[in-house]
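**Student:**
Listed below in structure tokens is the structure:
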């Protein structure tokens, strides 16, 4: 237990020192503020680009439009997250810092778990902060969204983000470089979200099912139809982590 | 009970045999120089001992405990210093050692004293709070030694500890190793043979994955060494070199400015003063004349050459 805590402490300290913690918070908060602003300004943007003779009628924006922006921005955020997470283990391979650590009495399982817990913890925390900022700012601009439904939406979105994080961590475990890890992360994002999402019979199991059906959740509240995606996502997080541990245990770290 | 026992160890990579059925053991409180040219299999062997690499066959025992790939049990017993230690550049020296002490579960007050001692031993006390990223290569190497000593290991494994350093860094690190030699069992791989003469009690010579020789250094010199005649002159000894080259009792001549190291076929000619008589024919002042112990380098080249000819 002692050495697991030592590894976990090191991870948090590293995330702080290399500014990843700050970057994750800044990006999440940035999108939380940007989303309602974009929704609010959308009619004005359209107005400014409209040409004479072409009349576009845009309805007055509501808090639903702000949520629309918030959910859409998450995919951009996902791309950025892949780059932040991709170096987690691959960087230690390319910089060769792993070499000394692995000759110490640590369990390889603990090494991967410490990475997973540290990265997912800061992402959860940043997402929580981002959700609170978004909720309050949206409420001040458009009026409050149903809090219960919004909390459920955030939980489901967070699970989706964690699938992506875990897949990128697996990439970082398998790949020899950060770029390789990022590519695996992108492939995971496309495979689980886009490909599975488009195959009708299995689309309900896609981890990003929520990003296509969030309006129903906000309007009508939680429904059993969101369960398959959430359960699949949680299983994926566990399975991908186990594969990472299995793969790392068998790796001979090259010089 | 030996500190380290290696039995029939083999490592193959895709059909290439990097380490070929080697066996040797290392008694407690001795320093073994693991010698070989680049690519001989030294690092591969060391990485298997440290549990970083999986052996194809064979067995490694540290203090009678079997080493397994990714093992944590024998990792308690070793201290490992890779060729160019990569440390977390965003930590300072002291933090790095604390991190390692935490991994070993060393209690805080004990760790504090221990880290202070290790930093003093490697001469990094004043750089303890400096970021590792700002350390010189020599300082990183010294911190690398300190981290390998945190658990007071039974066996200290050092892979080419000085080969990447400048002369000053080399001297500093060699002094630390000489100090450690008094209390520790050390396996030190190197291709810098003058270091072996200075530090090692025993040598194991590896070439193309095969172990050529394991022996105490002094015995190796007695058994294999051809005698070396050392001559120092007051001016350029080129004429002497030319005259000696023609003698059939000369095996090899090494000239370094005014110093000559002449490997003799046997030392009976010394008793008859044959080289001295030859020298007296030239009008060159002789500052030094005498038999010396051969250096490991000469021995090593002979052994490797012998292996090639076989």
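Residue numbers (the numbering used here), protein chains in the order written: chain E, 1 to 255; chain R, 1001 to 1310.
We put the beta carbon where it would ideally sit given N, CA and C, even for glycine.
Would a C-beta distance cut-off of 7 Å place residue 1060(R) and residue 1049(R) closer than the cut-off?
**Tutor:** For residue 1060(R) and residue 1049(R), yes; Cβs fall inside 7 Å.
**Student:** For residue 1115(R), collect the residues of the same chain with a Cβ closer than 7 Å to its Cβ; drop the 5 residues on either side in sequence, then sort them by chain order.
**Tutor:** Within the same chain, residue 1115(R) has close Cβ partners 1094, 1097, 1098 and 1101.
**Student:** Return the CA-CA distance between residue 41(E) and residue 126(E), expressed in angstroms with no decimal places.
**Tutor:** Near 25 Å, if we compare the C-alpha coordinates of residue 126(E) and residue 41(E).
**Student:** Does the Cβ-Cβ distance between residue 88(E) and residue 169(E) come in under 7 Å?
**Tutor:** Closer than 7 Å, so yes.
**Student:** Looking at residue 1067(R): is its Cβ nearer than 7 Å to the Cβ of residue 1056(R)?
**Tutor:** No, the Cβ-Cβ distance between residue 1067(R) and residue 1056(R) is not below 7 Å.
**Student:** Specify, as a first and last residue, the run of the beta strand (DSSP E) that residue 1185(R) falls within.
**Tutor:** From DSSP, the beta strand (DSSP E) with residue 1185(R) extends over 1185 to 1190.
**Student:** Below 9 Å between beta carbons is the criterion; list the residues of the stretch 107 to 129 of chain E that meet it against any residue of chain R, in chain order.
**Tutor:** Here the close residues are 107 and 108.
**Student:** I'd like to know whether the C-beta of residue 96(E) is nearer than 7 Å to at least one C-beta of chain R.
**Tutor:** Yes, residue 96(E) lies at the interface with chain R (some Cβ there is under 7 Å from its Cβ).
**Student:** Would you grab the beta carbon distance between residue 1143(R) and residue 1124(R) for me? Rounded to a whole angstrom, and I think it's under 8 Å.
**Tutor:** Rounded, the Cβ-Cβ distance is 6 Å, consistent with contact.
**Student:** Below 7 Å on C-beta distance, what does residue 103(E) contact in chain R?
**Tutor:** By Cβ distance, chain R contributes 1050, 1051, 1052, 1075, 1078 and 1080.
**Student:** Quick one: grab the DSSP three-state call for residue 251(E).
**Tutor:** Reduced to three states, the DSSP call for residue 251(E) is coil.
**Student:** Any beta carbon of chain C sitting closer than 7 Å to that of residue 60(E)?
**Tutor:** Of the chains in the structure shown, none is chain C; the protein chains are E and R.
**Student:** Across the stretch 54 to 73 of chain E and the stretch 96 to 103 of chain E, are there enough close Cβ pairs to call them in contact, namely three or more that are closer than 8 Å?
**Tutor:** Judged by Cβ distances under 8 Å, the stretch 54 to 73 of chain E makes no contact with the stretch 96 to 103 of chain E, as fewer than three pairs qualify.
**Student:** Return the first residue and the last residue of the beta strand (DSSP E) that residue 1252(R) is part of.
**Tutor:** 1250 to 1256 is the extent of the beta strand (DSSP E) around residue 1252(R).
**Student:** Should residue 244(E) go down as buried or exposed, given a rule of 16 or more other Cβ atoms within 10 Å for buried?
**Tutor:** Buried, because 16 or more other Cβ atoms sit within 10 Å of the Cβ of residue 244(E).
**Student:** Specify, as a first and last residue, the run of the alpha helix (DSSP H) that residue 1206(R) falls within.
**Tutor:** First-last for residue 1206(R): 1202 to 1207, but that is the beta strand (DSSP E), not the alpha helix (DSSP H).
**Student:** Do you know offhand how far residue 249(E)'s Cα is from residue 1158(R)'s?
**Tutor:** For residue 249(E) and residue 1158(R), the distance between alpha carbons rounds to 24 Å.
**Student:** Starting from the N-terminal side, write out each stretch of the alpha helix (DSSP H) that is 4 residues or longer and does not extend beyond the stretch 60 to 103 of chain E.
**Tutor:** Runs found: 63 to 94 and 98 to 101.
**Student:** When you compare the CB of residue 3(E) with every CB in chain R, is at least one pair closer than 7 Å?
**Tutor:** At least one chain R Cβ lies under 7 Å of residue 3(E).
**Student:** Please report whether the beta-carbon of residue 10(E) lies at a distance below 7 Å from any beta-carbon of chain R.
**Tutor:** Yes, its Cβ sits closer than 7 Å to a Cβ of chain R.
**Student:** Are the beta-carbon atoms belonging to residue 114(E) and residue 11(E) less than 7 Å from one another?
**Tutor:** Yes, the Cβ-Cβ distance between residue 114(E) and residue 11(E) is below 7 Å.
**Student:** Please check if any C-beta of chain R sits within less than 7 Å of the C-beta of residue 6(E).
**Tutor:** Cβ-Cβ to chain R under 7 Å: yes for residue 6(E).
**Student:** Beta-carbon of residue 1058(R) versus every beta-carbon of chain E: anything under 7 Å?
**Tutor:** For residue 1058(R), the answer is no, since every Cβ of chain E falls outside 7 Å of its Cβ.
**Student:** So, using beta-carbon positions, are residue 1051(R) and residue 1064(R) closer together than 7 Å?
**Tutor:** Taking 7 Å as the Cβ cut-off, residue 1051(R) and residue 1064(R) do not qualify as a contacting pair.
**Student:** Nearest chain R C-beta to residue 252(E) closer than 7 Å, yes or no?
**Tutor:** It does: the Cβ of residue 252(E) has a partner Cβ on chain R nearer than 7 Å.
**Student:** Compare the C-alpha of residue 1268(R) against each of 1037(R), 1027(R) and 1249(R) and name the closest.
**Tutor:** Residue 1268(R) has its Cα closest to that of 1249(R), out of 1037(R), 1027(R) and 1249(R).
**Student:** Spatial neighbours of residue 1252(R) within its chain, please: CB distance less than 7 Å, with the 5 preceding and 5 following residues excluded, ordered by chain position.
**Tutor:** Closer than 7 Å at Cβ, skipping near neighbours: 1263.
**Student:** So for residue 1263(R), helix, strand or coil by DSSP?
**Tutor:** Residue 1263(R) falls in the strand class under three-state DSSP.
**Student:** Are residue 1287(R) and residue 1254(R) close, meaning C-beta to C-beta below 7 Å?
**Tutor:** Going by C-beta atoms, residue 1287(R) is not nearer than 7 Å to residue 1254(R).
**Student:** For residue 61(E), tell me which candidate among 143(E), 246(E), 239(E) and 155(E) has the shortest Cα-Cα distance.
**Tutor:** Checking every option, the nearest Cα to that of residue 61(E) belongs to 143(E).
**Student:** Is the separation between the beta-carbon of residue 118(E) and that of residue 175(E) shorter than 7 Å?
**Tutor:** Not closer than 7 Å, so no.
**Student:** Measuring only the C-alpha atoms, how far is residue 1080(R) from residue 1148(R)?
**Tutor:** Approximately 5 Å, taken between the alpha carbons.
**Student:** Which residues in the same chain have their Cβ closer than 8 Å to the Cβ of residue 329(E), if we skip the five residues on either side of it in sequence?
**Tutor:** One cannot answer for residue 329(E) here, as it falls past the ends of chain E, which runs 1 to 255.
**Student:** From 1278(R), 1223(R), 1226(R) and 1229(R), pick the residue whose C-alpha is nearest to that of residue 1243(R); which is it?
**Tutor:** The option with the nearest alpha carbon to residue 1243(R) is 1278(R).
**Student:** Three or more C-beta pairs under 8 Å: does that hold for the stretch 142 to 160 of chain E against the stretch 208 to 215 of chain E?
**Tutor:** In short, these stretches touch, since the Cβ pair count reaches three.
**Student:** Is it true that the CB of residue 32(E) sits closer than 7 Å to the CB of residue 151(E)?
**Tutor:** No, they are not a contact pair.
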